[in-house]
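Notes to accompany the following structure.
Protein chains: 2
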Amino acid sequence: MRLLLIEDEKELAIALSGALGKHGIVTDHTMHLADAVELTRQNVYDAILLDRRLPDGEGLTFIPELRRAGTDTPIIVLTARNEPMERVEGLNVGADDYLGKPFLVEELVARVRAVLRRPSSLAEPGIVAGRMMVDPLNLNVTIDSTPIDLPRRELLVLVALAKRKDKTVLRSTLEAAVYNYEEEIQSNALDAHISRLRKRLLDAGAGVAIHAIRGVGYLLREE
Amino acid sequence: MRLLLIEDEKELAIALSGALGKHGIVTDHTMHLADAVELTRQNVYDAILLDRRLPDGEGLTFIPELRRAGTDTPIIVLTARNEPMERVEGLNVGADDYLGKPFLVEELVARVRAVLRRPSSLAEPGIVAGRMMVDPLNLNVTIDSTPIDLPRRELLVLVALAKRKDKTVLRSTLEAAVYNYEEEIQSNALDAHISRLRKRLLDAGAGVAIHAIRGVGYLLREE
DNA sequence: CCGCGAAGATTGCAGCAGCATTGCGGAGCT
DNA sequence: AGCTCCGCAATGCTGCTGCAATCTTCGCGG
Chain A
1 MRLLLIEDEK
11 ELAIALSGAL
21 GKHGIVTDHT
31 MHLADAVELT
41 RQNVYDAILL
51 DRRLPDGEGL
61 TFIPELRRAG
71 TDTPIIVLTA
81 RNEPMERVEG
91 LNVGADDYLG
101 KPFLVEELVA
111 RVRAVLRRPS
121 SLAEPGIVAG
131 RMMVDPLNLN
141 VTIDSTPIDL
151 PRRELLVLVA
161 LAKRKDKTVL
171 RSTLEAAVYN
181 YEEEIQSNAL
191 DAHISRLRKR
201 LLDAGAGVAI
211 HAIRGVGYLL
221 REE
Chain B
1 MRLLLIEDEK
11 ELAIALSGAL
21 GKHGIVTDHT
31 MHLADAVELT
41 RQNVYDAILL
51 DRRLPDGEGL
61 TFIPELRRAG
71 TDTPIIVLTA
81 RNEPMERVEG
91 LNVGADDYLG
101 KPFLVEELVA
111 RVRAVLRRPS
121 SLAEPGIVAG
131 RMMVDPLNLN
141 VTIDSTPIDL
151 PRRELLVLVA
161 LAKRKDKTVL
171 RSTLEAAVYN
181 YEEEIQSNAL
191 DAHISRLRKR
201 LLDAGAGVAI
211 HAIRGVGYLL
221 REE
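Heads up: the protein sequence lines correspond to chains A and B, in order. Per the UniProt record's numbering, the first sequence starts with residue 1, numbered consecutively. Per the UniProt record's numbering, the second sequence starts with residue 1, numbered consecutively.
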């Protein structure tokens, strides 16, 4: 792990570097914002520790600058001012955390780790079939990444088929996917849905075909 | 944005819910850890506010439990103890932030936003749709970079839609984005919001349309 | 290869569920 | 007090959806 420390008090900086080193963290140190911009351009840091009060200006002004340059490196602001309003100010311009001096090195380490743990991007699953993409969780269907809207029952049928792409889905399974126990079905409503769904998918140019398996069920495949 | 507040002091909890509400944050409240586990299972919260001292135990013990259950929802610990070592302890078991009482609501909001800021989204431009730009964190909406102000509930609906631009958003999801579980809804209030929101967006000349997906939900797209 | 029956496909129709709109009044804020 | 927001409900309307009638396709046996 590698940090950039922007701090003008040389002694503190050295002490901090040493302490962080014991935690297996490599620290680059600069005293000037001007250098910092250049350093972030050339190096990849896991996080930036930023002092507010610096010889060449207010540290906070550095944050928007950095963000504008496209960096998403977490920034932890270090400061003597620890009043609530001050802290709010820091967080609002895009800092990821705010730490008032004096602090324990252990706390700093813990906060760095906490900040680094955040990236929780859950991937959208989505089933691809032909030029169509089905997201069974969110009930979205897109064709060439433009959304298609389908009536509810047809949508449910399609999702059930997509979830088992290239495999036969029993008639009864499809019915269960579309209807609950109360609403029984006494006609070929399912067939009707399939028919209308086919038409809609054809018009929309999804590259898929719904194939009937006689006496068993249906099957979705690319065409 | 929706938070789960785990806090046994009822008055504080109510005050906090109200204050957060003014910032456009919907808050569910529970006093017991046991309930919290169940509530988080549905995974609809953007963040969890956790008191350390709770009737049925130390709040921190909840964190590993939650993480083990696979939740990566950010957790902010609230506590009266604000000593550095205590804070380290909290961060090390997996909390994302730590806030000592008393605190300003503004600071809490700022920290929630900081925690939610995805390192992946660089510089947070917000979501662009048509000539409209939506910042889901700060709840700003601008059209041609002039800010528009919307009633709170309509704003929340719009943000929820914008976050999933071009994708269907379930009715239930929208309701969850606007109401907490106490304030149930028994009419077409959501529809009314949509209708008024449409009108406002039309008047303002946002280049977007809110499309109804019959029986499923709504969808925001550029027009 | 042909014919037949059964399963599937298609489509008009009618009923109605769900959405859109809007006025009203209460509640909350300034 | 004056304002906006917001929930509620009444109204109108769109189009989904179940049904059934009719046509088509499929598979099998002769």
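Beta carbons: idealized from backbone N, C-alpha and C, even for Gly.
Would you mind reading off the limits of the beta strand (DSSP E) that contains residue i?
i                      : result
residue 209 of chain A : 208-213
residue 76 of chain A  : 75-79
residue 135 of chain B : 132-135
residue 47 of chain A  : 47-51
residue 129 of chain A : 127-129
List the whole-angstrom C-beta distance separating residue i from residue j, where the pair is believed to meet the contact cut-off of C-beta under 8 Å.
i                      : j                      : result
residue 139 of chain A : residue 216 of chain B : 6 Å
residue 129 of chain A : residue 165 of chain A : 5 Å
residue 243 of chain B : residue 62 of chain B  : The structure shown does not extend to residue 243 of chain B, since chain B spans only 1 to 223, so no value can be given for it.
residue 77 of chain A  : residue 52 of chain A  : 6 Å
residue 198 of chain A : residue 210 of chain A : 6 Å
residue 141 of chain A : residue 155 of chain A : 7 Å
residue 64 of chain B  : residue 94 of chain B  : 6 Å
residue 79 of chain A  : residue 101 of chain A : 7 Å
residue 194 of chain A : residue 179 of chain A : Not really, about 14 Å apart at Cβ, beyond 8 Å.
residue 44 of chain B  : residue 212 of chain B : At roughly 22 Å, the Cβ-Cβ gap does not stay under 8 Å, so residue 44 of chain B and residue 212 of chain B are not in contact.
What are the boundary residues of the alpha helix (DSSP H) that residue i is part of?
i                      : result
residue 95 of chain B  : Per DSSP, residue 95 of chain B belongs to no alpha helix (DSSP H) and is neither H nor E.
residue 204 of chain B : 189-204
residue 160 of chain A : 152-163
residue 114 of chain B : 105-116
residue 185 of chain A : Residue 185 of chain A -> no alpha helix (DSSP H), and no H or E assigned at all.
residue 15 of chain A  : 10-22
Across which residues does DSSP place residue i in a beta bridge pair?
i                      : result
residue 29 of chain A  : A/5
residue 40 of chain A  : Beta-bridge pairing links residue 40 of chain A to no other residue.
residue 63 of chain A  : Bridge partners of residue 63 of chain A: none, in fact.
residue 219 of chain A : A/168 and A/211
residue 147 of chain A : A/142
residue 90 of chain B  : According to DSSP, residue 90 of chain B bridges with nothing at all.
residue 58 of chain A  : A/53
Would residue i pass as a contact of residue j if the rule is Cβ separation under 8 Å?
i                      : j                      : result
residue 157 of chain A : residue 134 of chain A : no
residue 152 of chain B : residue 207 of chain B : no
residue 55 of chain B  : residue 29 of chain B  : no
residue 200 of chain B : residue 150 of chain B : yes
residue 34 of chain A  : residue 4 of chain A   : no
residue 73 of chain B  : residue 27 of chain B  : no
residue 214 of chain A : residue 190 of chain A : no
residue 111 of chain A : residue 99 of chain A  : yes
residue 75 of chain A  : residue 96 of chain A  : yes
residue 88 of chain B  : residue 16 of chain A  : no
residue 204 of chain B : residue 143 of chain B : yes
residue 18 of chain A  : residue 1 of chain A   : no
residue 59 of chain B  : residue 6 of chain B   : yes
residue 147 of chain A : residue 22 of chain B  : no
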